[in-house]
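Step one of this worksheet: look at the structure below.
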Amino acid sequence: MKKLLVALLVAAFAFPAAAFGADTIKIGFNIPLTGDIPKVGEMSKDAAEMLKEKVNGAGGLDVGGKKYMLDFVYVDNEAKAESAVNAALKLIEGEKVLAMVGPQGSGRAIPAAEVANNNKTVMISGWSTNPKTTLDRPYVFRACFLDDFQGPVAAKFATEQLKAKKAAVLFDVASDYPKGLSEFFKKDFEKLNGPGSVVAYETFTTKDVDFSAQLTKIIKAKPDVLFTPQYYNEVPLIVKQARELGYTGPILGSDSWGSAELMALCGDDCKGQYFVTHYAAAGAKGATKEFIDAFNAKFKQIPDDVGALTWDATGMVLAAIQKMGAISGDLPKDREALRNAMATMRDYAGITGKMSFDGKTGDPIKCAVIVKISDKGEFTFHESVCP
Amino acid sequence: MLETVIQQALNALQLGSYYSLIALGYCLVYGVLLLINFAHGDIFMVGAYIAFFAATYIMGQHALIPPNSPIMVKLVFAGFFALIVTAAVSFAIKKKPQAPGRKNYSYPAILGGIFITVTAAIYYWGQGMKLETGADKILVFAVTMPLTMILTSVVGVFIERVAYKPLRLKGANRLYVVITALMMGIILEYGNLSLLGTSRLSYPTLLPRVVFDVAGAKISITKLTAIAASFLMFALLQWIVTRTKLGMAMRAVSYDKFAVPLMGIPLDAVIVFTFFLGSSMAGMAGMLYAMNFPVLDPFMGALVGWKAFVAAVVGGIGDIRGAFVGGFLLAFLEVIVAAVFSSELRDLISFTILLGILTWKPTGLFGKPKTTKI
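Chains A and B supply the protein sequences, listed in that same order. Per my numbering, the first sequence starts with residue 5, numbered consecutively. Per my numbering, the second sequence starts with residue -12, numbered consecutively.
This is the structure:
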């Protein structure tokens, strides 16, 4: 009886693998479905599911004349660095995926990228803007611009459009993304406005909710603009406390602000503020609009930049798979071929703009957008800044 | 310069008021039962969520009953809600009849039921407060606060009944009860996560945004409320413990748990009352916290609860003054380090100082070795 059961179990596990194994392409997603920024995980998953349905609905992905069905595996990294590493190992070694999408935030993407690179597996992060993610890692790519591009864009915008002579920065010193971006902003703002023009450079640590001590110091320094490259769950607290302590100037943010949940949490306080990001949902045209409309019809919400970037990141992986010409079934060989196809991608027309890889680094050449939060709470296009 | 000093002092007072309120809850339970209730930080989180649902319910924005649903649906819902709460309150408080002449503890249950009914009446009368005038907002605040405290204490007492009491009756070592408390905390966190999902809730603005100017320093009315509430609760607790019969019973239980029932003091009722007090303060802290930091998540109680526990220990756990002073001490240390040095060093320096205090006085600032606690 026991033997029969074991045999049945083995058959049950082996059968689907044998039946579909040859004709499916497995792609892993290393995303935060729980933890501090669950909205990021939800958006990533929704966008990926939509793309999968689109491709599978059309009969699968055409690689060299043969159709392959897509199989997406989602693993939760809880928005923690150590879980992201485990999730990456699970996907690469356990699930044997061809490529991994995510992690999205730099804090998780940097350690997970090390794992992917050591295992010679293509990883593409949709949202990680820290330079370290792809640095000296030939197997790691991204679908967004970098902090060393985003920092100068924010500094230039603050100086030219907001007419700021003095700036203050408030950021989480325990997280790679805000820390890196704040350093770039400071460097470029001081280049434009002279040394010492960043009058306050204050820090806090992850999970803090009370910023009044730091904001008191910032307000005392009388800055013209407050730059705070934090995530959507911290921005409402920072903005509200700054206003209560008497700060009246503009508050400038980074692409981490661009979550669909920001306005639900922040309300009126965030209206009229600006942030640097990847795309603006309000007033989009062409393929971007089609994506937004389809997403809105399916999930009853406007996709934020994580959703759009996940769509583009996954789309680029699929385009690269098609470029490979054929899938051999030998995993290390296919992963290697995919990496070469990715690295030489030219002018991929994504919904967040055109992207090209130069063959040397995994960083695309693409433009940034400055978004203004309108009085209706919509993220409206303000201007586009290209490298 | 003076302006900044006052501002930072106000910042520390505000932060300290949450630490104190939570530390008082730790302290009460420890004082009576010698049990470190590690679920307390999560009861604080539950309090914040209860405050959210209570406020949105009163304002008629509750997701369960859309504002434009038929009046019968609303009535049935409100009646059902009131019924559950009243039943829960009486379950928590009422005991099996024992010796004649015992106090009837179902009064609070009846009061709670009346309170809920009044809340429901206000809701139907106004068809949900629209929060247009300041008076409306203050009314919502005034109703939500006691409602939150009652409901949170029901949760606290329920946990005591379900998780701690069975172990106590079996005579389990205190260590096992402490581990149970840790597990209860995790159950509350992840229960919330699975029940409400992962997205954050935004607490509505209840009190009008009035900002006072104290010699150039700014303080909003919500912060001021938090500070005032912590001082009031401290005074109230001190009065209950030192001046009332119940307080005397609590001190007696703390002194000798086994002799007390022999004197005709209902041990269980005293314990339930202790949890009731402690949890209602956690609920109050949760609501005030949510009003000042209006982004709610299931893990919001873990770090704050943990810090408040440290504050209670440094103050001398078991002593009400100790918990109160300890909470403010920790807050002032944190703010001073963040203001003078940088916030990267905040926890390092402030906890090193606390460690120094404990080394110098292992029983905490107000603690006395081996005497009655509380």
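Glycine included, each C-beta is placed from N, C-alpha and C at the ideal position.
Note to self: For proline 84(B), which residues in the same chain have their Cβ closer than 7 Å to its Cβ, ignoring the five residues on either side in sequence?
What the structure shows: Confidence at proline 84(B) is low in this model, with a pLDDT of 47, below 50, so its placement is unreliable and the value that follows should be read with caution. Hits under 7 Å: none found.
Next item on the list: Go to isoleucine 374(A), then tell me how far its beta strand (DSSP E) extends in each direction, as first and last residue.
Entry: Start and end: 372 to 377.
Notebook entry, point to check: chain A beta carbons: is any one of them nearer than 9 Å to that of valine 127(B)?
Noted result: For valine 127(B), the answer is no, since every Cβ of chain A falls outside 9 Å of its Cβ.
Check: threonine 192(B): which of Leu341(B), Val144(B), Ser207(B), Ala202(B) sits nearest, CA to CA?
Finding: The shortest C-alpha separation from threonine 192(B) is found at Ser207(B).
Next item on the list: May I have the straight-line CA-CA distance separating lysine 244(A) from leucine 175(B), to the nearest angstrom?
Entry: The alpha-carbon atoms of lysine 244(A) and leucine 175(B) are separated by roughly 29 Å.
Checklist line | Counted within 10 angstroms of its Cβ, other Cβ atoms place tyrosine 163(B) as buried (16 or more) or exposed | finding: Its Cβ having fewer than 16 others within 10 Å, tyrosine 163(B) is exposed.
Notebook entry, point to check: Are the CB atoms of glutamate 82(A) and aspartate 176(A) nearer to each other than 9 Å?
Noted result: No, they are not a contact pair.
Next item on the list: Answer with buried or exposed for glutamate 86(A), where buried requires no fewer than 16 other C-beta atoms within 10 angstroms of its C-beta.
Entry: Glutamate 86(A) comes out exposed.
Next item on the list: Please check the pair threonine 125(A) and tyrosine 72(A), which I expect to be a contact at CB under 8 Å, by giving their CB distance rounded to whole angstroms.
Entry: For threonine 125(A) against tyrosine 72(A), the beta-carbon gap comes to about 18 Å, at or over 8 Å, which does not count as contact.
Notebook entry, point to check: leucine 182(A) CB to nearest chain B CB: under 9 Å?
Noted result: Residue 182(A) is actually proline in this sequence, not leucine. It does not; no Cβ of chain B falls within 9 Å.
Notebook entry, point to check: Is any heavy atom in the ligand SAH found nearer than 8 Å to the beta carbon of glutamate -10(B)?
Noted result: Absence of the ligand SAH from the depicted structure is noted, as is the absence of any ligand whatsoever, leaving it without description.
Checklist line | Coarse secondary structure for isoleucine 355(A), derived from DSSP in three states | finding: Here isoleucine 355(A) carries a coil assignment [DSSP, helix/strand/coil].
Margin query: Determine whether the beta carbon atoms of glycine 292(B) and isoleucine 37(B) lie at a separation below 9 Å.
Written below: No, the Cβ-Cβ distance between glycine 292(B) and isoleucine 37(B) is not below 9 Å.
Next item on the list: Output, in chain order, the set of chain A residues within a Cβ distance shorter than 7 Å of valine 197(B).
Entry: Ordered by position in chain A, no residue passes the 7 Å Cβ test against valine 197(B), which lies about 10 Å from the chain.
Next item on the list: Have a look at valine 198(B) and glutamine -5(B) and give me their C-alpha separation to the nearest angstrom.
Entry: CA-CA distance, valine 198(B) to glutamine -5(B), rounds to 16 Å.
Note to self: Just list the residues that DSSP pairs lysine 152(B) with in beta bridges.
What the structure shows: Answer is none; lysine 152(B) lacks a bridge partner.
Item checked: Contiguous beta strand (DSSP E) assignments of at least 3 residues, all confined to the region 17 to 71 of chain A -> Under the rule that a run must span 3 or more residues, the beta strand (DSSP E) segments found entirely inside the region 17 to 71 of chain A read 28 to 35, 65 to 67.
Notebook entry, point to check: Going by DSSP, which residues form a beta bridge with phenylalanine 385(A)?
Noted result: Residue pairing by DSSP places phenylalanine 385(A) opposite Val375(A) in a beta bridge.
Check: Near leucine 332(B), what residues of its chain come up, given a Cβ to Cβ distance below 7 Å and the 5 sequence neighbours on each side ignored?
Finding: Same-chain partners within the cutoff: Val324.
Check: Between which two residues does the beta strand (DSSP E) containing glycine 257(A) stretch?
Finding: For glycine 257(A), the enclosing beta strand (DSSP E) stretches over residues 255 to 257.
Check: Since serine 360(A) sits in a beta bridge, which residues does DSSP pair it with?
Finding: None, per the DSSP bridge assignment.
Check: Can you name the residues of chain B whose CB is closer than 8 Å to the CB of phenylalanine 33(A)?
Finding: Those do not exist, as phenylalanine 33(A) stays about 16 Å from chain B at its closest Cβ, beyond 8 Å.
Margin query: Comparing C-alpha positions only, which one of Phe40(B), Thr231(B), Pro153(B), Ser186(B) sits nearest to valine 130(B)?
Written below: That would be Phe40(B), whose Cα lies nearest to the Cα of valine 130(B).
Item checked: Bridge partners - methionine 127(A), DSSP secondary structure assignment -> Beta-bridge partners assigned by DSSP to methionine 127(A): Met104(A), Val144(A).
Check: Should isoleucine 146(B) be labelled buried (16 or more other beta-carbon atoms within 10 Å of its own) or exposed?
Finding: Counting Cβ neighbours within 10 Å, isoleucine 146(B) comes out buried, since at least 16 surround it.
Note to self: Quick check: what's the CA-CA separation for asparagine 300(A) versus serine 266(B)?
What the structure shows: Whole-angstrom Cα-Cα distance: 43 Å.
Item checked: glycine 25(A) at chain B interface by Cβ criterion, 9 Å -> Reliability of the predicted coordinates at glycine 25(A) is poor, the pLDDT of 46 falling under 50, and the value obtained from them is presented with this limitation in mind. Chain B, which has no Cβ nearer than 9 Å to the Cβ of glycine 25(A), makes this no.
Next item on the list: Excluding the 5 residues preceding and the 5 following isoleucine 252(B) in the sequence, name in chain order all residues of the same chain whose CB lies nearer than 8 Å to its CB.
Entry: A distance below 8 Å between beta-carbons, with the five flanking residues on each side excluded, links isoleucine 252(B) to the following residues of its chain, in chain order: Ala236, Ala239, Val240.
Check: Mind checking glutamate 164(A): buried by the 16 CB within 10 Å criterion, or exposed?
Finding: The residue is exposed, with fewer than 16 neighbouring Cβ atoms inside 10 Å.
Item checked: chain B residues whose Cβ lies nearer than 8 Å to that of glutamate 265(A) -> Residues of chain B with a Cβ closer than 8 Å to the Cβ of glutamate 265(A) are, in chain order, Ser186, Arg187.
Next item on the list: Over the uninterrupted alpha helix (DSSP H) stretch that includes phenylalanine 263(B), give me the two end residues.
Entry: The continuous alpha helix (DSSP H) containing phenylalanine 263(B) extends over residues 254 to 279.
Notebook entry, point to check: Taking the C-alpha atoms as reference points, what is the distance between valine 157(A) and valine 165(B)?
Noted result: Approximately 53 Å between the Cα atoms of the pair.
Check: Going along the region 229 to 251 of chain A in order, which residues come within less than 9 Å of chain B, judged by CB to CB distance?
Finding: Residues passing the 9 Å Cβ filter: Tyr236, Asn237, Glu238, Pro240, Leu241, Lys244, Gln245, Arg247, Glu248, Leu249, Gly250.
Next item on the list: Let me know if isoleucine 128(A) comes out buried or exposed under the rule of 16 or more other beta-carbons within 10 Å of its beta-carbon.
Entry: By the neighbour-count rule (16 or more Cβ atoms within 10 Å), isoleucine 128(A) is buried.
Note to self: Residues of chain A with CB closer than 9 Å to the CB of leucine 316(B), please, in chain order.
What the structure shows: Residues of chain A whose Cβ lies closer than 9 Å to the Cβ of leucine 316(B) do not exist; the shortest such Cβ separation is about 16 Å.
Note to self: I'd like the list of long-range same chain contacts for phenylalanine 295(A), defined as Cβ closer than 6 Å, with 5 residues on each side in sequence excluded.
What the structure shows: A distance below 6 Å between beta-carbons, with the five flanking residues on each side excluded, links phenylalanine 295(A) to the following residues of its chain, in chain order: Ile355.
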